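Trainee: This structure is in structure tokens; I'll ask about it shortly.
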Amino acid sequence: MPQEMKRVPFGREEIEVLRQSISVAEELISDFYKISTSEWKRYRYDIQSLKDLLEEEIIDTAFAQVHRYSQSPHQRLRGSERGEFFKICIQDHMVRKAVQRDAHIQLFPLMTYIVTHELIHVVRFARFLHQFYSTPAEEAAEERRVHALTYQLLENLKIKGLPEVLQAFTDCRTMETFHGTQETASQG
1447 MPQEMKRVPF GREEIEVLRQ SISVAEELIS DFYKISTSEW KRYRYDIQSL
1497 KDLLEEEIID TAFAQVHRYS QSPHQRLRGS ERGEFFKICI QDHMVRKAVQ
1547 RDAHIQLFPL MTYIVTHELI HVVRFARFLH QFYSTPAEEA AEERRVHALT
1597 YQLLENLKIK GLPEVLQAFT DCRTMETFHG TQETASQG
């Protein structure tokens, strides 16, 4: 693996930035989709960074990878409950590479964009607004839709460096990949 692609997990400070980004994203999405605190339980998902990912959840081509599992290993469901579980796999090394490559891109606004974007996907999948498995043309259209929604949610936030991140995604670059399995997610 080339030196610039070394897969080094986020350190403590970067994990704290990720946590702050998750908090901002969840609040924005709660307001936009009118999701109460108790309703968030309906959206079975987890966000994990590189150190907690399985080998098959790590890629070198995007900021995140969304895996769909038949259920979370941490949830015990009654027979009538749906077990679908989404795991947003943050690719620390790819995020860090972007921040190092582009001096005008800062970690907090970039992570806020990435997490907001991925959580919009999760909500749209969970609400059946878009199917997880779709054709390449449908995926491209959905990606444009989610980028537009992400921009809409973030455009008026006063976060230093966010305008530069929003500008960087005006061309709708690929942000993530999607993988589904009928297996239960496991912790590695």
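In this text, residue positions in the sequence shown follow the numbering used here: the first is 1447, and each later residue adds one.
All C-beta atoms in this analysis are idealised placements derived from N, C-alpha and C, irrespective of residue type, glycine included.
Since we're looking at a predicted model, the values are computed, not measured.
First and last residue of the beta strand (DSSP E) that includes ALA1510?
Mentor: Unbroken beta strand (DSSP E) run through ALA1510: 1510-1515.
Trainee: Specify the secondary structure class of GLN1537 as computed by DSSP and reduced to three states.
Mentor: Three-state DSSP puts GLN1537 in coil, outside helix and strand.
Trainee: For ILE1551, report the span of its beta strand (DSSP E) as first-last.
Mentor: Per DSSP, ILE1551 belongs to no beta strand (DSSP E) and is neither H nor E.
Trainee: Look up ASP1492 in the DSSP assignment and give the residues it is bridged to.
Mentor: Note: ASP1492 sits in a beta bridge opposite LYS1533.
Trainee: Start and end of the alpha helix (DSSP H) containing ILE1461?
Mentor: Start and end: 1458-1479.
Trainee: Would you call the region 1592-1612 and the region 1548-1561 in contact, with 3 or more CB pairs under 8 Å?
Mentor: Judged by Cβ distances under 8 Å, the region 1592-1612 makes contact with the region 1548-1561, as three or more pairs qualify.
Trainee: Give me, in chain order, the residues of the same chain whose beta-carbon lies closer than 6 Å to that of ASP1538; leave out the 5 immediate sequence neighbours on both sides.
Mentor: The residues are PRO1455, PHE1456, SER1495, LEU1496.
Trainee: For the alpha helix (DSSP H) containing GLN1577, name the first residue and the last one.
Mentor: Run containing GLN1577: none; DSSP gives neither H nor E here.
Trainee: Taking the continuous alpha helix (DSSP H) assigned at THR1596, which residues delimit it?
Mentor: Element bounds for THR1596: 1582-1600.
Trainee: Rounded to the nearest angstrom, how far is the Cβ of ALA1572 from that of ARG1488, given a contact under 8 Å?
Mentor: The Cβ separation is near 7 Å, so the contact holds.
Trainee: Report back the beta-carbon spacing between LEU1599 and PHE1478 to the nearest angstrom; my notes put them in contact at under 8 Å.
Mentor: The pair is a contact, with the Cβ atoms about 6 Å apart (cut-off 8 Å).
Trainee: Where does ARG1453 sit, in a helix, a strand or coil, going by DSSP?
Mentor: Residue state, collapsed to three classes: coil.
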